[in-house]
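Protein chains in written order, with the working numbering: chain F, 50 to 301; chain H, 8 to 308.
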């Protein structure tokens with residue numbers, strides 16, 4: 050597979066003329082687990098929006114599997130930040146997961162046996178089957194995040210993009226989510242994760258995209274995750290980086 | 008018992024205004040209740056208020072342009088002015104230094120005021136009854152008003168059924184909706200158009216002010232009772248039917264505005280749900296809190 054799963058080519062994104070992502074170029078090979086890392090306001094979520102197609106670049110383009118992102122929507126599965134929905138919404142966990150099938154069933158298509166099976170399998174793989182009749186606001190933060198991951202699994206696709214899936218979840222959920230993401234990678238899917246916690250970066254990701262408005266570095270984790278690139282990314286606020294990489298933290 | 012049944016049946020024998028009023032108000036209320044659920048969940052209830060008000064200048068504008076008050080022309084005028092105001096509100100609200108609630112307040116009051124001025128000057132001889140436009144006349148529904156409601160409401164409900172998945176997903180999770188290819192902007196303006204059309208259709212029957220209550224209150228009540236979207240819609244429709252039915256009889260019994268009575272009954276139903284709802288009601292919450300306190304005090308060994 051020489052074809053890159055994601056190609057970001059000279060992309061500039063701005064709000065009200067103020068660029069938040071400036072002339073960024075990189076590509077990600079298929080079947081990898083990729084972390085997108087950078088400080089708050091570095092443009093991580095905005096870059097994700099451009100990949101997903103909800104924000105148009107001012108300049109440059111995003112290619113998915115070598116073709117313009119708009120033509121490849123079916124291959125892409127997006128898990129937004131958990132805070133983006135209304136937890137009082139009258140919907141059960143099971144119904145959220147069912148939404149994952151609406152892309153393939155369309156507006157009026159029947160919700161068939163295949164769809165039900167996909168939903169059931171997705172719920173089993175993140176262990177939320179017995180929560181399916183609960184209203185989503187009645188779930189814990191970790192359970193909510195599992196529900197949204199299950200919706201993504203039910204949706205399927207070749208490329209999964211997750212925006213801070215570990216924010217506000219318990220340790221058990223975090224490791225459950227990581228297991229699911231690794232399984233996706235092992236089955237040939239490409240997984241892109243916006244991530245905050247530098248301590249776990251080397252453990253979780255094959256490759257990294259270090260971003261702070263500009264691209265700082267992009268490549269295999271063991272090559273690009275070092276003191277120099279972190280200082281460039283976080284602007285000299287990185288306090289400790291040990292060689293093993295498991296004790297790195299960014300301080301304000 | 009017999010007396011009660013007689014009392015309930017009697018109005019139906021007093022002339023055809025009873026069934027006309029009942030049919031009209033039920034259709035309007037059900038249409039508003041269903042749309043109201045989606046507006047409520049999208050935190051757009053205030054926009055219903057705006058669109059209902061803006062329908063007045065819409066109707067006046069349509070009359071100015073065409074010189075007629077036929078139902079389709081009224082609808083077209085209201086749709087055009089409704090969409091213009093909706094787009095103005097969105098444009099204003101998307102500026103970082105303008106609050107969205109203020110944007111709504113500025114746009115709809117300005118439009119409404121223009122409508123009021125036009126109504127009392129340029130189109131004074133158009134036979135538009137201001138009192139009727141604002142408060143409706145359910146006990147004397149005209150053929151035009153009934154025609155509007157009978158055609159518009161079923162069409163709107165049909166559209167809600169067809170676009171149900173798009174409406175549901177985009178109301179719940181806008182970013183996910185657009186990521187799976189749902190045209191969220193079109194869905195949004197479609198919903199606003201549906202609200203405008205329904206408000207115009209309900210105008211002559213229940214009036215511009217009270218139609219707002221029919222849109223907001225049933226959805227708000229239903230949210231206290233439902234854990235799923237489909238049951239929320241069912242509760243909302245149930246609220247619409249009960250308040251229409253009871254309100255009509257109250258209006259007949261005390262000889263008052265039917266629309267007013269319906270909205271008062273609807274408000275009372277909301278209060279009842281607020282107090283007694285099985286899970287989110289105040290009483291249950293108080294009992295739960297007391298039970299917890301007692302549990303804390305009782306020594307457990």
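We put the CB at the ideal spot given by N, CA and C, even for glycine.
Quick caveat, the model's predicted, so the values are computed rather than measured.
Return no unless some Cβ of chain F is closer than 8 angstroms to the Cβ of residue i.
i: residue 308 (chain H); result: Caution is warranted here: a pLDDT of 45 is assigned to residue 308 (chain H), below 50, making its placement in the model unreliable, and the coordinate value is therefore given only provisionally. Answer no: the Cβ-Cβ gap between residue 308 (chain H) and chain F never drops below 8 angstroms.
i: residue 230 (chain H); result: yes
i: residue 170 (chain H); result: yes
i: residue 255 (chain H); result: no
i: residue 173 (chain H); result: yes
i: residue 288 (chain H); result: no
Count the other C-beta atoms from every protein chain shown that fall within 10 angstroms of the C-beta of residue i, then say buried if there are 16 or more, exposed otherwise.
i: residue 296 (chain F); result: Only weak support is given to the placement of residue 296 (chain F): the predicted model assigns it a pLDDT of 46, under 50, and the question is left unresolved by the model.
i: residue 170 (chain F); result: exposed
i: residue 230 (chain H); result: buried
i: residue 106 (chain H); result: exposed
i: residue 114 (chain H); result: buried
i: residue 279 (chain F); result: buried
i: residue 64 (chain F); result: exposed
i: residue 290 (chain H); result: exposed
i: residue 244 (chain F); result: buried
i: residue 74 (chain F); result: exposed
i: residue 234 (chain H); result: buried
i: residue 56 (chain H); result: buried
i: residue 243 (chain H); result: buried
i: residue 52 (chain F); result: exposed
i: residue 8 (chain H); result: exposed
i: residue 199 (chain H); result: buried
i: residue 174 (chain F); result: buried
i: residue 276 (chain F); result: exposed
i: residue 227 (chain H); result: buried
Short of 7 angstroms in beta carbon distance, which residues of its chain neighbour residue i, apart from the five on each side in sequence? Order them along the chain.
i: residue 292 (chain F); result: At residue 292 (chain F) the pLDDT is 45, less than 50, meaning the model places this residue with poor confidence; the figure from the coordinates comes in the next sentence. So the list is empty, once near-sequence residues are dropped.
i: residue 95 (chain F); result: 62, 69, 70, 104
i: residue 142 (chain F); result: 177, 180, 181, 183, 185, 188, 196
i: residue 20 (chain H); result: none
i: residue 121 (chain H); result: 64
i: residue 206 (chain H); result: 58, 59, 62, 218
Output yes if chain H places a C-beta closer than 8 angstroms to the C-beta of residue i; else output no.
i: residue 133 (chain F); result: yes
i: residue 195 (chain F); result: no
i: residue 122 (chain F); result: yes
i: residue 138 (chain F); result: yes
i: residue 148 (chain F); result: yes
i: residue 184 (chain F); result: yes
i: residue 127 (chain F); result: yes
i: residue 67 (chain F); result: no
i: residue 151 (chain F); result: yes
i: residue 239 (chain F); result: no
i: residue 302 (chain F); result: Within the shown structure, residues of chain F are numbered from 50 to 301, placing residue 302 (chain F) beyond reach of any answer.
i: residue 213 (chain F); result: no
i: residue 207 (chain F); result: no
i: residue 22 (chain F); result: Because chain F here runs from 50 to 301, residue 22 (chain F) falls outside it and cannot be looked at.
Less than 6 angstroms between C-beta atoms, sequence neighbours within five positions excluded: which residues of the same chain meet that for residue i?
i: residue 36 (chain H); result: 221, 247, 251
i: residue 118 (chain F); result: 102, 111
i: residue 258 (chain H); result: 265, 268
i: residue 241 (chain F); result: 83, 210
So is residue i in contact with chain C if we call contact Cβ pairs under 8 angstroms?
i: residue 46 (chain H); result: Among the protein chains of the structure shown, namely F and H, there is no chain C.
Excluding sequence positions up to five away, which residues of its chain have a Cβ less than 8 angstroms from the Cβ of residue i?
i: residue 50 (chain F); result: Residue placement at residue 50 (chain F) is poorly supported in this model, since its pLDDT is 45, which falls under 50; the coordinates are not used for a value here.
i: residue 254 (chain F); result: 82, 83, 84, 242, 244, 270
Handout entry: Within 9 angstroms of chain H by C-beta, residues of the segment 82-108 of chain F in sequence order
Key = Within the segment 82-108 of chain F, the qualifying residues are 98, 101, 102, 103.
Handout entry: Short-range partners of chain F found in the segment 177-190 of chain H, where Cβ spacing is below 7 angstroms
Key = 179, 180, 182, 183, 185, 186, 187, 188
Practice task
Using a Cβ-Cβ cut-off of less than 7 angstroms, give me the residues of the segment 47-60 of chain H that come near chain F, in sequence order.
Solution key: Against chain F - using a Cβ distance shorter than 7 angstroms - the residues of the segment 47-60 of chain H are 48.
Problem - the segment 164-179 of chain H touching the segment 62-76 of chain H, judged by at least three CB pairs closer than 8 angstroms - result: Note that the segment 164-179 of chain H does not touch the segment 62-76 of chain H; fewer than 3 beta-carbon pairs, one per stretch, sit closer than 8 angstroms.
Handout entry: Residues, ordered as in the chain, of the segment 234-251 of chain H that lie near chain F by beta-carbon distance below 8 angstroms
Key = 234, 235, 236, 238, 239
Exercise for the section: State whether the segment 248-263 of chain F contacts the segment 82-96 of chain F, with contact taken as three or more CB pairs (one from each stretch) at a distance under 8 angstroms. Expected result: The answer is yes - the segment 82-96 of chain F touches the segment 248-263 of chain F, with three or more Cβ pairs under 8 angstroms.
Exercise for the section: Assess, as a yes-or-no matter, whether the segment 151-167 of chain F is touched by the segment 130-137 of chain F under the definition of 3 or more beta carbon pairs within less than 8 angstroms. Expected result: Flag = no, the segment 130-137 of chain F and the segment 151-167 of chain F do not touch.
Exercise for the section: State whether the segment 33-46 of chain H contacts the segment 149-167 of chain H, with contact taken as three or more CB pairs (one from each stretch) at a distance under 8 angstroms. Expected result: yes
Practice task
Would you check if the segment 225-239 of chain F and the segment 145-160 of chain F touch, i.e. whether three or more CB-CB distances between them fall below 8 angstroms?
Solution key: These segments do not touch.
Problem - Against chain H: residues of the segment 156-175 of chain F by CB proximity under 8 angstroms - result: So the close ones are 156, 157.
Problem - Any 3 or more C-beta pairs closer than 8 angstroms across the segment 116-129 of chain H and the segment 236-243 of chain H - result: Too few Cβ pairs lie closer than 8 angstroms, so no.
Handout entry: Contact between the segment 175-193 of chain H and the segment 124-134 of chain F (3+ Cβ pairs under 8 angstroms)
Key = yes
Problem - Any 3 or more C-beta pairs closer than 8 angstroms across the segment 91-99 of chain H and the segment 148-162 of chain H - result: no
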